[in-house]
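Notes follow the structure.
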Amino acid sequence: MKKRSVAIAGMMLVLAACKTTGPAPARDIPTAMNQAATTLLQSRLLHATSIAVVYRGEEFILHRGELETGKSNPPDDSTLYEIGSVSKTFVGLLLANAVLEGKATLDDPIQKYLPSAYPNLQSDGRPVRLRHLVTHTSGMPGMLPLQVNEVLRDFTAHATPAKLNAAYADYGQPQFWQDLHTVSIKGPLGKDYAYSSAGTELVAHTLEKIHGAPYESLLAEFLAREAGMHDTWLRLRAQDANRLAPGYHSDNPVGTTPMPLLPWGAAGALKATMPEMVKYLRLQLSNHPAVTESHKPLVRFAEDFSIGYFWNIGQSSQLGTHYVHHGGVPRAQCYLYLVPKYQLGVFIITNQSGDATANAMERALAPLFDRVESMQGR
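Quick note on numbering: the sequence shown equals residues -26 to -1, 1 to 352 in mature numbering (1 follows the signal peptide of the UniProt record, and there is no 0).
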């Protein structure tokens, strides 16, 4: 699912648990987070929300609502959420690290890493390159198999989750490689934005070829080593299944099944707790060389919008240069914001997914950004 819009609503505010460290903003940030949660949960259909903030090195986590209406089961620090396409920023970070290590370049043709010849992955004699994949300018389809793109056109239909499960029930890497032969690239490469989860999966495969190890283990090792993250998963262990947040699709009051795993899972399969997302925010706000590389603008689409290694890079008078990614599956949606100007990172998630959910989260966060702006100079 895409970066900016999709959403709808809910109502139910029950329990709040806000963790803080340190004095100065400890009064202001939790107040703004509470306001954001209250605003969000006034939206129709929303059951619960969790918000994580890192501001000037201090950490804040807020949980509100009920994961299932009437069951008095609020989210907490052990709850695992599906973070959807925010997963793409993780594979972008690993590729940025490989580029810095000299193991790949953004101008490498993707054909260099593929298991067989794919003469179709070119336009006007120019090959699809890694830089095209990480900037969504490759002309690749949104999803493989191609019929999934038709399913997603009617995203809010109650049948959508079941259709996705059916499409990916027996769909692995062999089927992906077969379907990749059917892709037709319409250029020009490197120019037009066309969001592609299929292209993201190719980047994960590229990392496997570079390092000679499965993407899942490469990611786990990097996160543990560089961020101290040990509770972020592509595939859940059996003992963790009961920690996965239940979720709701569109206006269906009946909970739906988790998003099926794509062949590599890099495009949208990560599950993480809020303390883990705090660690990720800290990493993304640091001066880690791979983070700096991954934030470089690679293609500029408008005066206020560029893209880096899967990061949407915005420009505004309030936030300055900031980095954003939306994540969504048929039972959860989230946003991650990085605002270096304020040393601020924000992650917000709710366990409902409809065509107005993203807009509801954006509206809910606006007062938090206003509050942070007003605190400057203190």
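Glycine included, C-beta positions come from ideal geometry on N, C-alpha and C.
Integer-rounded CB distance, given that residue j should sit under 8 Å from residue i
{"i": "Gly58", "j": "Val303", "result": "5 Å"}
{"i": "Leu259", "j": "Leu312", "result": "6 Å"}
{"i": "Gly113", "j": "Ser171", "result": "In fact, because the Cβ distance is near 14 Å, the residues do not count as touching under 8 Å."}
{"i": "Lys270", "j": "Leu293", "result": "That belief does not hold up - the Cβ atoms of Lys270 and Leu293 are roughly 18 Å apart, past 8 Å."}
{"i": "Gly242", "j": "Ser61", "result": "5 Å"}
{"i": "Leu15", "j": "Gly31", "result": "Their Cβ separation, rounded to whole angstroms, is 29 Å, which puts Leu15 and Gly31 out of contact at 8 Å."}
{"i": "Asp153", "j": "Pro119", "result": "5 Å"}
{"i": "His185", "j": "Leu192", "result": "6 Å"}
{"i": "Gly328", "j": "Leu19", "result": "6 Å"}
Own chain, CB closer than 8 Å to residue i, minus 5 neighbours either side, in chain order
{"i": "Leu41", "result": "His21, Ala22, Asn47, Pro48, Pro49, Thr53, Ala219, Pro220 and Asn325"}
{"i": "Thr295", "result": "Ile287, Gly288, Gln289, Pro314 and Lys315"}
{"i": "Leu272", "result": "Leu80, Arg105, Val108, Thr109, Ser280, Ile281, Gly282 and Tyr283"}
{"i": "Pro89", "result": "Trp151"}
{"i": "Thr230", "result": "Pro135, Gly221, Tyr222, His223, Pro304 and Arg305"}
{"i": "residue 354", "result": "Here the chain covers residues -26 to 352 and nothing more, so residue 354 does not appear."}
{"i": "Val73", "result": "Thr79, Leu80 and Glu267"}
{"i": "His132", "result": "His223, Ser224 and Asn226"}
{"i": "Phe275", "result": "Tyr167 and Ile281"}
{"i": "Gly161", "result": "Ser97, Asp98, Arg100 and Gly113"}
Outcome for residue i when other beta-carbon atoms lying within 10 angstroms are tallied against a minimum of 16
{"i": "Lys245", "result": "buried"}
{"i": "Arg127", "result": "exposed"}
{"i": "Ala332", "result": "buried"}
{"i": "Ser268", "result": "buried"}
{"i": "Gly44", "result": "exposed"}
{"i": "Ala201", "result": "buried"}
{"i": "Lys165", "result": "exposed"}
{"i": "Asn226", "result": "buried"}
{"i": "His299", "result": "buried"}
{"i": "Glu250", "result": "buried"}
Proximal residues to residue i (C-beta, below 6 Å), its chain only, five neighbours per side dropped
{"i": "His204", "result": "Ala198"}
{"i": "Val320", "result": "Val27 and Tyr311"}
{"i": "Val102", "result": "Ile84, Leu95 and Ser112"}
{"i": "Asp214", "result": "none"}
{"i": "Tyr142", "result": "Pro234"}
{"i": "Arg256", "result": "Val28"}
{"i": "Gly173", "result": "Leu107, Ser112 and Met114"}
Per DSSP, cross-strand counterpart(s) of residue i
{"i": "Val273", "result": "Ile281"}
{"i": "Tyr222", "result": "Gln326"}
{"i": "Gln27", "result": "Correcting the residue identity first, residue 27 is Val in this sequence and not Gln. Paired residue(s): Phe34 and Val320."}
{"i": "Thr206", "result": "Ala246"}
{"i": "Leu312", "result": "Tyr297 and Gly319"}
{"i": "Ser290", "result": "Gly294"}
{"i": "Ala22", "result": "Gly39"}
{"i": "Arg100", "result": "Ser97"}
{"i": "Gly302", "result": "Gln307"}
{"i": "Pro188", "result": "DSSP lists no partner for Pro188."}
{"i": "Glu56", "result": "Lys245"}
{"i": "Thr230", "result": "Gly221"}
Near the ligand GDP: residue i beta-carbon under 7 Å from a heavy atom
{"i": "Lys160", "result": "Absent from the structure shown: the ligand GDP. Ligands present: none."}
Sequence-distant residues of its chain with Cβ nearer than 7 Å to residue i (five each side left out)
{"i": "Met248", "result": "Ser24, Ala26, Ile35 and Asp51"}
{"i": "Lys137", "result": "Val125"}
{"i": "Gln337", "result": "Note that residue 337 corresponds to Arg in the displayed sequence, not to Gln. The residues are Thr13."}
{"i": "His262", "result": "Glu200"}
field: Meets three-Cβ-pair contact criterion under 8 Å: the region 175 to 187 and the region 69 to 76
entry: yes
message: With three or more beta-carbon pairs closer than 8 Å as the criterion, would you say the region 127 to 147 touches the region 232 to 244?
response: yes
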